[in-house]
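Quick notes on the structure that follows.
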Amino acid sequence: MLSKGSSFITLSIYNKHDILNLLDTISTFDDQNLKRFIPNKKKLIANLFYEPSTRTSSSFYAAATYLGHEVLSINNVQYSSVAKGETLEDTIRTLASFVHCIVLRHPEEGAAKRAAQVSTVPVINAGDGVGEHPTQTLLDLYTIYKHYGRLDGLIVTLMGDHKYGRTIHSLVQALDLFDTKINLIGPIDLKLPKKLYKERYLESVELTANIAMLTDVLYMTRVQRERGAQGHYALTRLDAENLPDNSIVMHPLPRVDELGDWFDTDPRAKYFEQMSNGLAVRKFLLDRILG
Ligand code: CP
């Protein structure tokens, strides 16, 4: 179980009970009451981002600051020794000798695991290429759990780029622990990798009325064009009409053209609340890992 000094690389090592335990604990961080945090136990956290980020990097920065810690931000790696050809391993060894924890985003799948293997301090996976994005999944699950009070018995429709979308790769594995029905909607060329695919998933190239009408959670993602993905899909006004009144629509953000801002005022639009739940999740993770 996640404890002081642990790295946080993947959710795949946790069982259903562990995840529910994490989600219940996250709710204790879901407020602005920071009185229990003691500033003189200050730690230094490296935010090491080899890929662009707004939400993950800034919410880790904010979480660390609210907890009374300080952050060393390296998000312009072209101005670090990476530009001279330094390996990820040597960069991690260097930072690990200065800081108490490293939050890493990297374009290569498996990079966070490699980093954790050479690091003397905990590593948190903030997205490793097309691999995983476990802290995003924790906030996704938390958002669903907060809304429905459960994860079992839900129909979750994932609409987007399942091939390259790391948020999807982490989310399907976590949802699989629960009694969920999963629908995969997206272009034929952007199907979920075989290693993650389960026979029980329903696949479709479009969000049919039948699928939409039975959906509890519609989770949308963008086409990962920076990874070579191509394709087009978007939530239409007809889709929105077909979705139940008590359903929710989520998106890890950033969005491009798959989710128009015309939907933002719909009571089912949950993506901004989802994004803001990232702060509680990252406060929880840093608190748990740094002790
Ligand atoms: N959801 C997410 O990871 O957003 P950023 O890329 O802005 O961090």
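Counting in this note's numbering, the sequence shown runs from -4 upward without gaps. Note that beta-carbon positions come from the ideal geometry of N, C-alpha and C, so glycine has one too.
Per the DSSP secondary-structure output, Ile177 pairs in a beta bridge with Val151. Arg217 and Ile243 do not touch by the CB rule: their CB atoms are close to 18 angstroms apart, not below 8 angstroms.
Between Met245 and Asp135, the CB-CB gap stays under 8 angstroms. Listed in chain order, the alpha helix (DSSP H) elements of length 4 or more contained wholly in the stretch 180 to 218 are 204 to 208. Across the structure, Gln225 and Asn272 are spaced so that their CA atoms are roughly 30 angstroms apart.
In the DSSP assignment, the residues bridged to Ile119 are Phe3, Val98. The shortest CA-to-CA distance from Asp240 to any of Thr210, Asp85, Met215 is the one to Thr210. DSSP links Glu65 through a beta bridge to Leu39.
DSSP, reduced to helix, strand and coil, places Met245 within a strand of the structure shown. Short note on Thr132: C-beta not closer than 7 angstroms to any heavy atom of the ligand CP.
Lys79: not part of any alpha helix (DSSP H); DSSP gives it neither H nor E. Taking a cut-off of 8 angstroms for Cβ pairs, the stretch 147 to 154 and the stretch 172 to 182 touch, as three or more such pairs fall below it.
In the three-state reduction of the DSSP assignment, Phe93 falls in the coil class. Rounded to the nearest angstrom, the gap between the Cα atoms of Ser68 and Asp85 is 17 angstroms.
In this structure, Ala275 and Phe24 form a Cβ contact; the two beta carbons are roughly 4 angstroms apart against a cut-off of 8 angstroms. Closest in alpha carbon position to Gln73, among Pro247, Leu43, Tyr61, Leu62, is Leu43. Only buried fits Leu170, as 16 or more other CB atoms lie within 10 angstroms of its CB.
Asn120 sits close to Leu99, with the two beta carbons spaced by under 8 angstroms. Boundaries for Pro239: no alpha helix (DSSP H) harbours it, and the DSSP string shows neither H nor E there.
Of the residues assessed, Thr132 falls on the buried side of the cut-off, its CB having 16 or more other CB atoms within 10 angstroms. The Cβ neighbour count for Glu127, taken over all protein chains shown within 10 Å, is at least 16; the residue is labelled buried. The Cβ atoms of Ile40 and Leu172 do not sit closer than 8 angstroms to each other.
In its chain, beyond the 5 residues on either side, His64, His95, Leu285 have a beta carbon closer than 6 angstroms to the beta carbon of Lys38. Shown here, Ala235 sits in a helix according to DSSP, grouped into three states.
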